[in-house]
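For reference, the structure discussed in these notes is given below.
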Amino acid sequence: MGNKESSHSSTFSRGQGATSDFRDALTSLPGSAPKNKTGRKVTAQKMKTAEATGVLALQEHGLKEIPEGLFTLVKLRTLNMASNSLKLLPAAMSTLTKLKILRLDSNKLEAIPDLSALSSLTDISAGSNRLAGAGALGALPGCLKKLMLRDNSLGEVPAAVLDGLPALQVLDLSANGIEGLPPFGATLPALEELILDDNSLRALGHELVGLAKLKKLSVRSNRIAAVDPFSGQQSISRGLFADSAVESLELAGNALDKTDLMRMEGVDDFLARREKNKNKNLQGGGMLTLSVCGLD
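In the numbering used here, the protein residues as written are 15 to 310.
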């Protein structure tokens with residue numbers, strides 16, 4: 015009986031540890047959790063546990079480089095190294111072929127290496143780093159579904175990298191000093207949500223119409239006015255309103271108001287689509303949103 019109780023207790027402890035590690039591994043925002051215990055012994059113990067759980071939570075550990083031995087964890091599925099002082103990701107990252115989730119927020123990274131060999135990776139978050147220019151991003155795996163790069167210095171949409179991401183569903187390029195958008199065409203055929211808040215966009219043209227599955231578009235706190243100062247046309251193209259699948263458009267913090275929006279050509283098509291989606295949400299128990307694009 016004693017052996018059975020001991021075995022049960024050990025199994026329960028391992029289960030608790032795995033759950034705790036998984037929860038910690040997905041906590042990447044600074045201040046969102048108590049400071050972690052750090053040090054080589056703690057890191058080594060976590061890495062040993064990760065051999066069994068496939069989850070490694072090393073956020074807020076004061077790391078300046080990748081811990082020795084990490085790349086031997088070939089079964090690793092979730093890796094959180096957010097809120098450290100990492101400046102470089104070695105090419106050996108490509109050995110973690112089982113990795114699905116990678117958290118790198120709030121480090122000092124100046125580049126993301128070629129990760130295209132990570133054939134299981136679906137979620138990368140590398141916000142609040144030092145990524146400057148589209149060339150700071152290496153090739154990414156085609157299976158990627160979520161890419162979060164807010165608060166860097168890309169200066170432009172990394173079109174060449176995005177062209178190889180047919181499965182991408184969510185893209186966040188907020189706060190990157192972006193002034194214009196490339197013609198997406200057939201790029202990103204699966205994209206459903208695009209977040210471009212806190213940039214310097216002045217207009218939303220036909221570039222986005224090719225994103226056939228795009229439903230949520232957020233451009234809060236840009237420089238969008240009623241009229242594009244360069245073209246003299248309305249700042250949000252009729253095509254985006256009438257010929258896209260966009261149902262949610264967030265415009266708060268720009269230089270236009272609800273009256274400006276309602277005067278734009280094609281906006282009735284967008285509002286009809288939005289109303290249809292709202293009714294579906296209400297039938298499914300969703301909340302009623304009275305605001306029109308965050309402008310009232």
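The C-beta atom is built at its ideal place from N, Cα and C for all residues, glycine as well.
If you check the beta carbons only, do residue i and residue j fall under 8 Å apart?
| i | j | result |
| --- | --- | --- |
| S97 | E74 | yes |
| D165 | S188 | yes |
| L225 | L195 | no |
| F85 | T109 | yes |
| L158 | A131 | no |
| M95 | L77 | yes |
| L116 | L145 | no |
| V184 | E206 | yes |
| I192 | S214 | yes |
| P127 | L161 | no |
Around the Cβ of residue i, are there at least 16 other Cβ atoms within 10 angstroms (buried) or fewer (exposed)?
| i | result |
| --- | --- |
| K60 | buried |
| E82 | exposed |
| E279 | exposed |
| E264 | buried |
| L92 | Checking the sequence shown, residue 92 turns out to be Thr, not Leu. Flag for T92 reads buried. |
| M301 | With a pLDDT of 44 at M301, under the threshold of 50, the predicted position of this residue should be treated as unreliable, though the coordinate-derived value follows. Burial call: exposed. |
| M107 | buried |
| Q248 | buried |
Return the first residue and the last residue of the beta strand (DSSP E) that residue i is part of.
| i | result |
| --- | --- |
| M162 | 160–162 |
| L70 | 69–71 |
| V184 | 184–186 |
| L93 | 92–94 |
| L103 | No beta strand (DSSP E) holds L103; DSSP gives it neither H nor E. |
| L208 | 207–209 |
Please look up how many angstroms separate the CB atoms of residue i and residue j, rounded, as I've assumed it's under 8 Å.
| i | j | result |
| --- | --- | --- |
| R237 | A269 | 7 Å |
| S251 | L231 | So it is not a contact: roughly 12 Å between Cβ atoms. |
| P155 | S120 | 23 Å between Cβ atoms; not a contact. |
| P243 | R216 | 7 Å |
With DSSP run on the structure shown, which of helix, strand or coil describes residue i?
| i | result |
| --- | --- |
| T270 | Reading off the sequence, residue 270 comes out as Leu, not Thr. L270: coil per DSSP, three-state reduction. |
| D283 | helix |
| L228 | coil |
| E193 | coil |
| R144 | coil |
Return the first residue and the last residue of the alpha helix (DSSP H) that residue i is part of.
| i | result |
| --- | --- |
| R252 | 252–256 |
| L176 | 173–176 |
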